[in-house]
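Here is the structure we will look at, set down as structure tokens.
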Amino acid sequence: MCGACPTSRRRRNERGLIAVQSDPPVLARPAKVTVTTTDTRTIPIRAVASAPADEAADEVGLYEIRRKIYPRAVTGRFATWRVLMVVATQLFFYGAPWLIWNDRQAVLFDLAARKFYIFGLVFWPQDVIYLTVLLILSAFSLFLFTAVAGRVWCGFACPQTVYTEIFLWIERKIEGDRLARIRLDAEPLSAHKLVKKGGKHAVWIALSLWTGITFVGYFTPIRELVPAFPAGLSATELFWVLFYGFATYGNAGWMREQVCKYMCPYARFQSVMFDHDTLIIAYDEKRGEPRGARGKSVDRVATGKGDCIDCKICVQVCPTGIDIRNGLQYECIGCAACVDGCDQVMDKMGYPRGLIRYASQNALAQGLTKAATWRRVLRPRTLVYTGTLLAITVVAGVSLLTKNPLKVDVIRDRGALAREASPGVMENVYRVQIMNTSEAPHRFRLRAEGLPGIAVSGVPATIDVAAGATRLLPLRLQVPAEAAAPGTHRVELVIEAEDDAAMARRERSTFILPRP
Amino acid sequence: MSDFTSGFWNVFIIAVVVASIVGCAILLVVTGRIKVAAPKKSGEGGGGATGPGVTGHVWDGDLQEYNNPLPKWWANLFWITMIFAVAYLVLYPGMGTIPGVLGWTSTGAYAKERAEFDDRLKPLYAKYAQMEVEQIAKDAAARQTGERLFLTYCAQCHGSDAGGSRGFPNLRDGDWLYGGTPATIAETITGGRMGVMPAFGSVLGEDGVKNVTAYVRSLSGLAHDNLRAQLGKPLYAQTCAACHGGDGKGTQALGAPNLTDRTWLYGSSEAAIAEGIVKGRNIAASEGVKAMPSFEGTLSPTQIRVLAAYVWGLSNVAQAAQ
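Chains as they are written, first to last, in this note's numbering: chain A, 370 to 885; chain B, 71 to 392.
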């Protein structure tokens with residue numbers, strides 16, 4: 370996204386790996402706006418210097434030593450949204466495996482039996498097309514949301530964000546907020562520190578284990594899994610509980626923004642879905658610069674400064690440790706924490722909100738109003754995404770609603786083309802696989818159509834197939850030799866459930882009449 | 071042990087493996103020591119914002135390369151993979167043909183999995199091991215198992231319905247080349263069969279073949295030339311009776327078919343019968359290629375009994391269904 374970077378003068382490639390080092394940007398003087406304040410209360414905002422580490426170094430290596438980020442707690446509109454998303458997604462994640470439907474687990478992916486239960490629906494491996502549809506829907510939703518409002522998925526619903534948020538909340542409850550955590554980390558080891566750190570990790574590990582068990586509970590009935598934990602689990606189950614638990618603990622507790630910055634491919638390719646009308650978390654440079662500290666009582670216009678008081682709250686709340694005022698950066702996960710943080714400061718200063726806000730690059734450059742910015746959400750790209758998304762959803766929905774629980778495969782024997790069953794009667798051999806994917810047993814009848822005098826031989830009059838079972842039947846189709854010309858003819862096998870008119874299938878196959 | 075055609079490839083692989091690991095290590099050490107200029111501070115108004123640094127490489131006079139440093143932990147992952155590689159090469163065969171400390175081989179892994187699978191099957195077949203084939207044929211579950219075995223191993227030639235096809239006997243008609251007792255069927259599956267009909271074209275001559283054909287057709291009551299059949303009778307006695315018997319009823323010990331019934335494995339037309347006499351049948355068998363392969367080793371003795379029970383039951387429906 371170096372096109373967004375105010376310091377670049379020339380763009381060489383899309384990934385922004387190569388760019389031109391340029392002069393410091395010449396920033397437009399903000400056209401000054403109104404709202405002054407006469408309130409003289411002191412502002413409870415203290416600028417904290419970010420870790421001074423290697424600021425003085427004039428040489429750096431090709432490998433970067435990680436600088437720990439201590440995100441400051443933030444409240445506000447978007448933080449509330451995020452909490453709601455965390456609660457909603459996690460209620461679903463931890464809760465869904467415990468639901469019961471048709472006397473079985475409502476959501477269960479039974480890998481061993483190759484049956485996948487989602488409430489009333491049972492999917493067999495043959496239904497993999499629905500998985501494809503789900504992936505396509507996810508992809509198009511992603512395109513749409515990203516084109517409209519950037520990385521909203523990353524900032525509000527991605528498991529990495531959600532679990533990091535939960536882990537951070539635990540961390541805050543035990544170790545305190547940003548400053549307390551920085552102090553605690555700087556302290557020498559003591560009983561007090563050990564208790565706090567140990568307590569935090571104990572809670573993290575417990576939550577991670579629970580997450581791991583829940584995850585495996587989607588594949589093994591969770592009501593049997595939990596009482597059996599840990600001794601009664603199979604090696605595979607135990608491995609996945611621990612692996613998923615470890616991944617949760619490691620990614621949400623330790624790796625955090627490193628996952629987004631270096632590991633997540635999605636974070637990188639999302640940039641190509643942005644355009645200049647995409648809403649991004651943007652710092653209004655025109656309004657904010659030149660930044661600078663000032664007393665609250667000082668008249669804003671008189672200082673000659675922009676609205677940014679350079680309090681660095683936006684940097685402190687950032688979970689990836691960037692400064693949003695440097696423009697759009699690939700590290701930005703679109704969580705809007707800086708928006709909440711800045712809005713609070715603006716409120717306290719008595720300045721209008723929105724120095725950092727959701728805005729598009731065009732909106733900032735052209736000074737579009739909020740309404741005009743939102744009108745641009747409706748552009749060909751988003752309309753095409755929406756249309757495609759709706760079309761696929763409707764088609765998939767209709768297909769799911771009318772899904773036939775009877776599946777039939779007819780395979781013609783290849784060993785012999787045709788043979789004479791009795792003088793003047795030719796027969797072909799087939800294997801018919803009847804799959805009853807419904808959760809009740811059914812009795813089926815089978816007949817053949819397509820040639821005069823065609824008859825089925827070698828199968829019982831009625832075929833019972835148990836619930837969720839498959840039956841393979843070798844059978845013969847017999848046709849009088851003079852019924853049709855020698856050659857290949859299309860025939861159909863009709864399989865119907867006696868007790869359910871909806872469970873019927875016509876499967877095509879071929880019948881070969883040999884030359885006499 | 072080694073499938074290589076020459077010792078060179080052994081050395082080549084070892085060299086590539088060692089060079090890759092050492093090369094990675096050198097690359098990490100060297101790049102770890104490189105220092106480039108730190109990012110310049112930019113921005114006005116006391117912002118102190120930092121842009122990314124550059125590596126110092128310059129193209130086209132002004133085009134520079136960003137230094138986007140890889141995190142140190144990521145570099146450490148590379149070291150972990152190298153340690154893993156070394157451990158792997160010690161434990162498993164990876165350095166050319168040098169076996170690993172664990173002695174692992176792919177054939178060994180296959181044998182182990184196969185044994186585990188057989189162990190899982192064992193209890194399913196345990197109860198059939200002591201039963202007579204006729205008894206097994208009465209067990210519905212066993213017949214289902216037998217059907218699955220048949221569809222897997224036999225249906226390619228004998229058809230999914232066991233009805234056979236030209237050259238592959240019908241197993242449902244109660245007519246048997248080698249005998250239809252459960253024991254014989256099991257023997258056929260276990261050892262395979264290779265019936266051979268030698269070629270008699272040069273022995274009998276063109277006319278002789280026509281005469282024998284006519285006589286053979288007369289045996290099973292098919293339309294034939296009476297005169298030729300009379301001429302063919304002594305020829306049959308000389309050349310064919312040794313296997314097919316003087317009365318044409320065949321010899322099950324040899325797999326020589328009964329010529330007096332209506333079952334014709336290769337067809338009953340004059341042309342088909344004459345072809346069999348001239349060229350013989352199943353000549354490949356004389357070179358040791360079994361038309362009906364042996365399933366010993368592929369199937370366990372108990373599986374063969376279950377399969378034999380299924381096949382026997384096909385033509386002994388009444389007994390099997392009891």
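Virtual Cβ for every residue (Gly too), placed ideally from N, Cα, C.
Under 8 Å between the Cβ atoms of residue i and residue j?
i: residue 842(A); j: residue 777(A); result: no
i: residue 798(A); j: residue 230(B); result: yes
i: residue 820(A); j: residue 850(A); result: no
i: residue 727(A); j: residue 640(A); result: no
i: residue 445(A); j: residue 679(A); result: no
i: residue 228(B); j: residue 237(B); result: no
i: residue 195(B); j: residue 372(B); result: yes
i: residue 212(B); j: residue 376(B); result: yes
i: residue 432(A); j: residue 142(B); result: yes
i: residue 149(B); j: residue 98(B); result: yes
i: residue 683(A); j: residue 725(A); result: yes
i: residue 156(B); j: residue 91(B); result: yes
i: residue 775(A); j: residue 874(A); result: yes
i: residue 626(A); j: residue 583(A); result: no
Using the Cβ count rule (16 or more neighbours within 10 Å means buried), how would you classify residue i?
i: residue 542(A); result: exposed
i: residue 806(A); result: buried
i: residue 785(A); result: buried
i: residue 720(A); result: buried
i: residue 437(A); result: exposed
i: residue 880(A); result: buried
i: residue 471(A); result: exposed
i: residue 668(A); result: exposed
i: residue 398(A); result: In this prediction, residue 398(A) scores a pLDDT of 40, lower than 50, which makes its location untrustworthy; the coordinate-derived value is nonetheless stated afterwards. Exposed, by the Cβ-count rule.
i: residue 328(B); result: buried
i: residue 630(A); result: buried
i: residue 697(A); result: buried
Using C-beta distances below 6 Å, list every residue in its chain close to residue i, excluding the 5 sequence neighbours before and after it, in chain order.
i: residue 260(B); result: 366, 374
i: residue 402(A); result: At residue 402(A) the pLDDT is 38, less than 50, meaning the model places this residue with poor confidence and gives no usable figure here.
i: residue 166(B); result: 80, 83, 84
Which residue's Cα is closest to the Cα of residue i: the options?
i: residue 829(A); options: 812(A), 621(A), 448(A); result: 812(A)
i: residue 226(B); options: 621(A), 885(A), 684(A), 781(A); result: 781(A)
i: residue 474(A); options: 592(A), 526(A), 603(A); result: 592(A)
i: residue 522(A); options: 705(A), 692(A), 588(A); result: 705(A)
i: residue 274(B); options: 177(B), 349(B), 100(B); result: 349(B)
i: residue 861(A); options: 827(A), 818(A), 840(A); result: 818(A)
i: residue 672(A); options: 485(A), 657(A), 681(A); result: 657(A)
i: residue 840(A); options: 875(A), 783(A), 847(A), 779(A); result: 779(A)
i: residue 754(A); options: 443(A), 854(A), 513(A); result: 513(A)
Grab me the residues of residue i's own chain with a C-beta within less than 8 Å of its C-beta, minus the 5 sequence neighbours each way, in chain order.
i: residue 617(A); result: 532, 576, 577, 580, 581
i: residue 750(A); result: 516, 644
i: residue 487(A); result: 475, 476
Please return the same chain residues whose Cβ sits closer than 7 Å to the Cβ of residue i, not counting the five positions on each side in sequence.
i: residue 544(A); result: 550, 553, 565, 569
i: residue 243(B); result: 333, 385
i: residue 869(A); result: 811
i: residue 346(B); result: 267, 336
i: residue 281(B); result: 298, 301, 302, 305
Measure from the C-beta of residue i to each C-beta in chain E and report whether the shortest distance is under 8 Å.
i: residue 233(B); result: Given the protein chain composition of this structure (A and B), no chain E is represented.
For the stretch 685-704 of chain A, enumerate the residues whose C-beta is nearer than 8 Å to any C-beta of chain B, in chain order.
Identification of residues in the stretch 685-704 of chain A having a C-beta nearer than 8 Å to some C-beta of chain B yields 692, 694, 695, given in sequence order.
Contact residues within the stretch 774-798 of chain A, judged by C-beta distance below 7 Å to chain B
Correct list: 782, 784, 785, 788, 798.
Any residues in the stretch 741-757 of chain A with a beta carbon nearer than 7 Å to a beta carbon of chain B? Which ones, in chain order?
In summary, no residue of the stretch 741-757 of chain A has a CB separated from any CB of chain B by less than 7 Å.
What residues in the stretch 136-149 of chain B have a beta carbon less than 8 Å from any beta carbon of chain A?
Taking 8 Å as the upper bound on Cβ-Cβ separation, chain A lies near residues 136, 137, 138, 139, 140, 141, 142, 143, 144, 145 of the stretch 136-149 of chain B.
Taking a Cβ distance cut-off of 7 Å, strictly less, list which residues of the stretch 90-107 of chain B are near chain A, in chain order.
For the stretch 90-107 of chain B, the beta-carbon criterion of a distance under 7 Å to any beta-carbon of chain A is satisfied by 101, 102, 104, 105, 106, 107.
Select from the stretch 709-730 of chain A all residues with a C-beta closer than 8 Å to any C-beta belonging to chain B, and list them in chain order.
Residues: none.
Residues in the stretch 423-455 of chain A having any Cβ partner in chain B nearer than 7 Å
Those would be 426, 427, 428, 429, 430, 431, 432, 433, 434, 435, in chain order.
According to a CB-to-CB cut-off of less than 9 Å, which residues of the stretch 207-231 of chain B neighbour chain A?
Of all residues in the stretch 207-231 of chain B, 217, 218, 220, 221, 225, 226, 227, 228, 229, 230, 231 have a Cβ within less than 9 Å of some Cβ in chain A.
Residues in the stretch 830-859 of chain A with C-beta within 8 Å of chain B's C-beta atoms, listed in sequence order?
Residues 841, 843, 844, 845.
Below 8 Å between beta carbons is the criterion; list the residues of the stretch 458-469 of chain A that meet it against any residue of chain B, in chain order.
Correct list: empty, as no residue qualifies.
For the stretch 314-346 of chain B, which residues have a beta carbon sitting closer than 8 Å to at least one beta carbon of chain A?
For the stretch 314-346 of chain B, which is checked against every Cβ of chain A, not one residue is closer than 8 Å.
The stretch 622-635 of chain A: which residues have C-beta closer than 7 Å to a C-beta of chain B, in chain order?
So the close ones are 627, 631.
Looking at chain A, which residues of the stretch 281-309 of chain B have a Cβ within less than 7 Å of any of its Cβ atoms?
Answer in chain order: no residues at all.
Listed from N- to C-terminal order along the chain, which residues in the stretch 796-823 of chain A have their beta-carbon within a distance smaller than 9 Å of any beta-carbon of chain B?
If you check each beta-carbon in the stretch 796-823 of chain A against every beta-carbon of chain B, the ones closer than 9 Å belong to 796, 798, 799, 800.
Of the residues that make up the stretch 542-575 of chain A, which ones have a beta carbon closer than 7 Å to any beta carbon in chain B?
Answer set for the stretch 542-575 of chain A: empty.
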